[in-house]
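Down below is the structure, laid out as structure tokens.
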Amino acid sequence: HHYHLCKKTKTNKAYFSLSAHRPPLPDLLHTGSLSDQEFHDWLTHELEHVPNRMKYDKMFDISINAIVNWRKRYRGNPKLWKRIFKKDRVIKELIEAVPVMEAVHTYVNNFDTKDNDKYRHRHDGKKITIMDLCSGKGYLSMLLSEILPPDKVNKIILIDKAWAMCNTELKSHHINWDHIYGKTVNIEDKDQIIDSVGHETYFTTWPIPLHTSKQDLKQSCNQRQMKKHFFDAIDGPVVILAIHLCGTLSLKAIDMFNNNSNVSLFALKPCCLPQMIYAQRGDIFKIGKHEFDAEEVCSNGTFNKKTWNGPPRWHLESKFDRWAENLHQGIDIVENEEGRKEKRDIVVQVEGGFQNTYIFAQRSPLTKEIWKQTLLS
């Protein structure tokens, strides 16, 4: 689906060149012949030199444990495991997700309704709901389900237009959801900590439930529908996560934060720029109280599989910076009165990749630990 195409940048070339001369990944890893400890050690070694490995050391370590848990969950189903664990893809997604996971992990672990006067009458005893926009298969959500405390998080909703509608037949153009809703494969294995005995489907094996939701964020009625069926219906604070959103989808994500006061925490990593059609029409983008000319930020260029067709990528860097700054300005928060917002450069792409901007926002009351310079800078 189109908003994943723009992630095919020169991301982490340094990492991949390091791993290129290592022995190829043996099929053992997919058939389960390696012990879980051997798999853990191998994955730790693969992540040794990735961007920000030391800065987010603990988050990488617990993420490795989470991926080992995925492997335990799908033991006995090597076909499904092979489809889920594509090494380079999982590592790339993890590198981009770690700064957001760190913020969410900090928010959730510090969340306590009893200390929260603003929400006490609305949220006392209520858990957090997390929305993962343009989730794809859901690697971010799958990691968060393993690392966050289930007593504080009610569910994680994976939102993508490529999911099938609930209770309908899966078609070839849909994301395969067997890793969430598929039937379990029971095997005799004393090492299988995540035991699927007693579980008919993988859905009940996730520590925090994962729910898919088919939504096309670009449809004009989508914001109203989501407000009615999600935000107004959720009793408790909401976290919106929007990693590598393509083009104008970033505008839709910010609208969602601005229009729903129960969204407590917001994290956005913009991806490619809006297409030139918006500039040719003379459009003005409006988010919150901020507006700007499409001409400032639009660009020609698309990916055809892994090939970039358009102007030299480095030409786009200044436009991308303007795009990110305008997105940041569009978040409706009066600093220090209603909360905080920050645009941070965290280098996750190297050797030519420039999409290193993360935008965080939180409505009061603030989680002080999130806004310490050491966490996000």
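In our numbering, the protein residues as written are 561 to 937.
Quick reminder that beta carbons are idealized off the backbone N, C-alpha and C, glycines included.
**OP:** Kindly indicate which residue of Leu887, Glu897, Ile719 and Ile893 has the alpha-carbon position closest to the one of Arg904.
**Re:** Residue Leu887 holds the alpha-carbon nearest to the alpha-carbon of Arg904 among Leu887, Glu897, Ile719 and Ile893.
Original post:
Is Asn860 buried or exposed, if buried means 16 or more other CB atoms sit within 10 Å of its CB?
Top reply: In this structure Asn860 is exposed. Its beta-carbon is surrounded by fewer than 16 other beta-carbon atoms within 10 angstroms.
**OP:** Would you tell me roughly how many angstroms separate the C-alpha atoms of Leu770 and Gly698, rounded to the nearest one?
**Re:** Cα to Cα, the separation comes out at about 9 Å.
**OP:** Work out the CA separation of Lys774 and Glu760 for me, nearest whole Å.
**Re:** Cα to Cα, the separation comes out at about 23 Å.
Original post:
So what does DSSP say about Glu608, is it helix, strand or coil?
Top reply: In the structure shown, Glu608 sits in coil (DSSP, three-state: anything other than H, G, I, E or B).
Original post:
Is the distance from the Cβ of Gly938 to the Cβ of Lys687 below 8 Å?
Top reply: Past the edges of the chain, shown from 561 to 937, lies residue 938, and the structure says nothing about it.
**OP:** Just list the alpha helix (DSSP H) runs in the region 738–810, keeping only unbroken ones of 4 residues or longer that don't cross its boundaries, in chain order.
**Re:** Qualifying alpha helix (DSSP H) stretches, in chain order: 738–741 and 782–786.
Subject >> Bounding residues of the beta strand (DSSP E) (the contiguous stretch that carries Arg923) >> reply: Arg923 -> beta strand (DSSP E) spans Thr917 to Arg923.
Subject >> Lys697, enclosing alpha helix (DSSP H) - first and last residue >> reply: Bounds of any alpha helix (DSSP H) do not take in Lys697, whose DSSP letter is neither H nor E.
Original post:
With a Cβ-Cβ cutoff of 8 Å, do His850 and Gly890 count as a contact?
Top reply: Closer than 8 Å, so yes.
Original post:
If you draw a straight line from the alpha carbon of Lys901 to that of Ser593, how long is it in whole angstroms?
Top reply: Just so you know, the alpha carbons of Lys901 and Ser593 end up roughly 47 Å apart.
Original post:
Does DSSP put Gln909 in a helix, in a strand, or in coil?
Top reply: DSSP, reduced to helix, strand and coil, places Gln909 outside both helices and strands of the structure shown, so it counts as coil.
Original post:
Per DSSP, Pro834 is paired with what?
Top reply: DSSP, once it has assigned bridges, lists no residue as partnering Pro834.
Subject >> 6 Å CB neighbourhood of Lys829 in its chain, flanking five on each side removed >> reply: For Lys829, the CB contacts under 6 Å within the same chain, skipping 5 residues up- and downstream, are Ile803, His804 and Tyr918 in chain order.
Subject >> Beta-carbon proximity list for Val823, same chain, < 8 Å, skipping 5 on both sides >> reply: Phe791, Pro797, Val798, Val799, Ile800, Met816, Phe817 and Arg923, listed in sequence order.
Subject >> Neighbour-count burial assignment, Gly842, 16 or more Cβ in a 10 Å radius >> reply: Exposure of Gly842 is indicated by the presence of fewer than 16 other C-beta atoms within 10 angstroms of its C-beta.
**OP:** Report the three-state DSSP secondary structure of Met994 (helix, strand or coil).
**Re:** Absent from the model: residue 994. The displayed extent of the chain is 561 to 937, so no value can be given.
**OP:** Go ahead and label Leu607 buried or exposed: buried means 16 or more other beta carbons lie within 10 angstroms of its beta carbon, across all protein chains shown.
**Re:** Burial is judged here by how many other beta carbons sit within 10 angstroms of a residue's own beta carbon; Leu607 has at least 16 and is buried.
Original post:
Which residue comes first and which comes last in the alpha helix (DSSP H) that contains Phe880?
Top reply: Its alpha helix (DSSP H) spans residues Glu877 to Gln889.
Original post:
Near Ile844, what residues of its chain come up, given a Cβ to Cβ distance below 8 Å and the 5 sequence neighbours on each side ignored?
Top reply: Counting only Cβ-Cβ distances below 8 Å, and skipping sequence neighbours, we find Glu851, Phe852, Asp853 and Ala854.
Subject >> Span of the beta strand (DSSP E) around Lys639 >> reply: It is not in any beta strand (DSSP E) - Lys639 instead sits in the alpha helix (DSSP H) that spans Pro638 to Ile644.
**OP:** Could you check the C-alpha separation between Lys715 and Thr689 for me, to the nearest Å?
**Re:** Lys715 and Thr689: Cα-Cα distance of roughly 5 Å.
Original post:
Can you tell me whether DSSP reads Asn629 as helix, strand or coil?
Top reply: Asn629 falls in the helix class under three-state DSSP.
**OP:** Throw me the rounded Cβ distance for the Leu833 and Leu809 pair, which I believe falls under 8 Å.
**Re:** At roughly 12 Å, the Cβ-Cβ gap does not stay under 8 Å, so Leu833 and Leu809 are not in contact.
**OP:** For Phe845, name the three-state secondary structure that DSSP assigns.
**Re:** In the three-state reduction of the DSSP assignment, Phe845 falls in the strand class, which pools E and B.
Original post:
Do you know whose CA, among Trp766, Gly696 and Asp738, lies nearest Leu709's CA?
Top reply: Leu is not the amino acid found at residue 709; the sequence shown has Pro there. Selected option, being the one with the closest Cα: Trp766.
**OP:** Please name the residue in Phe826, Tyr616, Ile768 and Trp602 whose C-alpha comes closest to that of Asn664.
**Re:** Per the sequence presented here, residue 664 reads as Val, with Asn not at that position. When the alpha-carbon of Val664 is set against those of Phe826, Tyr616, Ile768 and Trp602, the nearest one is in Phe826.
Subject >> Residue environment, Val907, which counts as buried when at least 16 other CB atoms sit within 10 Å >> reply: Within a 10 Å sphere around the beta-carbon of Val907 sit fewer than 16 other beta-carbons, which makes this residue exposed.
**OP:** Report the residue from Lys615, Ile847, Met702 and Asp881 whose alpha carbon sits nearest the alpha carbon of Glu856.
**Re:** Considering only alpha carbons, the answer is Asp881.
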